[in-house]
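Please read the structure below before turning to the comments.
Numbering (my numbering), first residue to last: 1 to 111.
Shown next, in the form of structure tokens:
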């Protein structure tokens with residue numbers, strides 16, 4: 001059930017970005033030591049979004065699941081992904097999307 005909720009939340013976040021005019025570059029992009037949930041682009045802006053899902057806040061909010069170690073892994077994977085684009089002049093932004101129940105909340109420039 002947890003994986004199903006996580007994938008559903010990632011799809012929901014990706015759809016939100018598409019509605020804002022972004023193009024999805026990758027979902028669940030993996031490298032040794034890290035994974036990126038959703039990577040989108042609009043013009044020269046690339047957004048790497050970590051998605052956290054919870055059924056409810058009984059055991060802490062989805063945002064609280066973003067530990068310093070997790071942030072380091074996402075940033076490392078994000079910069080590795082940016083190298084694969086081989087395009088100068090791109091800007092990267094790291095967002096967090098939280099889904100609690102069915103409520104989506106976006107945090108831009110989260111780290």
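Note that CB positions come from ideal geometry on N, CA and C, so glycine has one too.
What you are looking at is a predicted structure, and each value in this text was computed from that prediction instead of being measured.
Query	Result
Report the rounded CA-to-CA distance for residue 53 versus residue 107, giving the unit in angstroms.	14 Å
What did DSSP end up calling residue 103 once you bin it into helix, strand or coil?	strand
Exposed or buried, what is residue 33 when buried is set at 16 or more other beta-carbons lying within 10 Å of its beta-carbon?	exposed
With distance defined between alpha-carbon atoms, name the residue in 67, 8, 46, 110 nearest to residue 88.	46
Tell whether a beta-carbon distance below 9 Å holds between residue 51 and residue 13.	yes
What distance in whole Å lies between the Cβ atoms of residue 16 and residue 81, which are believed to be in contact at a cut-off of 8 Å?	The Cβ separation is near 20 Å, so there is no contact.
For the candidate residues 37, 18, 19, whose alpha-carbon lies nearest to that of residue 26?	37
Shortest alpha-carbon distance to residue 18 belongs to which of 90, 74, 49, 71?	49
Quick check on residue 34: does DSSP put it in helix, strand or coil?	strand
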